[in-house]
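Below is one structure, written out as structure tokens; comments come after it.
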Amino acid sequence: MEIAYVQTPIGYAEFKGDENGLASITVFDGEKPAAIIPEVLEDAVYQFSEYLDGKRKSFDLKLNPEGTDFQKRVWDALLEIPFGKTVSYLELSKTLGDVKAIRAVAAANGKNPLWIVVPCHRVIGSNGDLTGYAGGLHRKKWLLEHESPVKQQSLF
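Right, here's the structure in full:
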């Protein structure tokens, strides 16, 4: 498994993957030493940078996350949420065919190893509240504002 670290506006991003695809992306506080990006991760890092720069709305990457069949079904459903849109955990449960699975869907969402590329940040509470995000609510808020079609201008 190859690893790359990249500084981003929301923290350091750690990419892990190999010839079978991208296995995980994690964003965290702190620093990691800059290093040469392994060839197998170059496209993922490039597309991720384009997304953060506002030049990309979707990703075209080979993905290889580890998870249960149910988790992978949830993650596949996350890929269907369009850029700039949100859905509730309840809506996501309905999409998957079992409204009673809302807690399991939320748990699978929280285990998503491919942050941002598999857009778990686009899932919110039924009342519109930002709810849990493994990377912290401040990052979820940043990502949703980044994707918002309505950009607020700063007064100062």
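At position 16 of the sequence shown (counting the first as 1) the number is 16 in our numbering, and the numbers step up by one without a gap. Cβ atoms here follow ideal geometry from the backbone N, Cα and C, with glycine treated the same way.
Between residue i and residue j, how many whole angstroms is the CB-CB distance? I'm expecting something under 8 angstroms.
i, j, result
"residue 40", "residue 115", "Their Cβ separation, rounded to whole angstroms, is 19 angstroms, which puts residue 40 and residue 115 out of contact at 8 angstroms."
If you draw a straight line from the alpha carbon of residue i to that of residue j, how long is it in whole angstroms?
i, j, result
"residue 138", "residue 14", "18 angstroms"
"residue 30", "residue 22", "23 angstroms"
"residue 147", "residue 126", "19 angstroms"
"residue 161", "residue 135", "Coverage of the chain is limited to positions 1 through 156, which leaves residue 161 absent and any answer about it impossible."
"residue 117", "residue 102", "22 angstroms"
"residue 143", "residue 109", "16 angstroms"
"residue 57", "residue 83", "6 angstroms"
"residue 121", "residue 75", "12 angstroms"
"residue 81", "residue 95", "11 angstroms"
"residue 10", "residue 97", "34 angstroms"
Would you mind working out which of the options sits nearest residue i, comparing C-alpha positions?
i, options, result
"residue 5", "44, 146 and 77", "44"
"residue 69", "89, 60 and 112", "112"
"residue 131", "119, 106 and 149", "106"
"residue 149", "74, 54 and 95", "54"
"residue 128", "86, 46, 62 and 3", "86"
Please classify residue i: is it buried, with 16 or more other beta-carbons within 10 angstroms of its beta-carbon, or exposed?
i, result
"residue 133", "buried"
"residue 7", "exposed"
"residue 157", "The chain is shown from 1 up to 156; residue 157 falls before or after that span and cannot be answered."
"residue 17", "buried"
"residue 35", "exposed"
"residue 99", "exposed"
Let me know the secondary structure DSSP gives residue i once reduced to three states.
i, result
"residue 134", "coil"
"residue 21", "strand"
"residue 95", "helix"
"residue 156", "With a pLDDT of only 42 at residue 156, under the threshold of 50, the placement of this residue in the model should not be trusted; the figure read from the coordinates follows. Coil at residue 156, not helix or strand."
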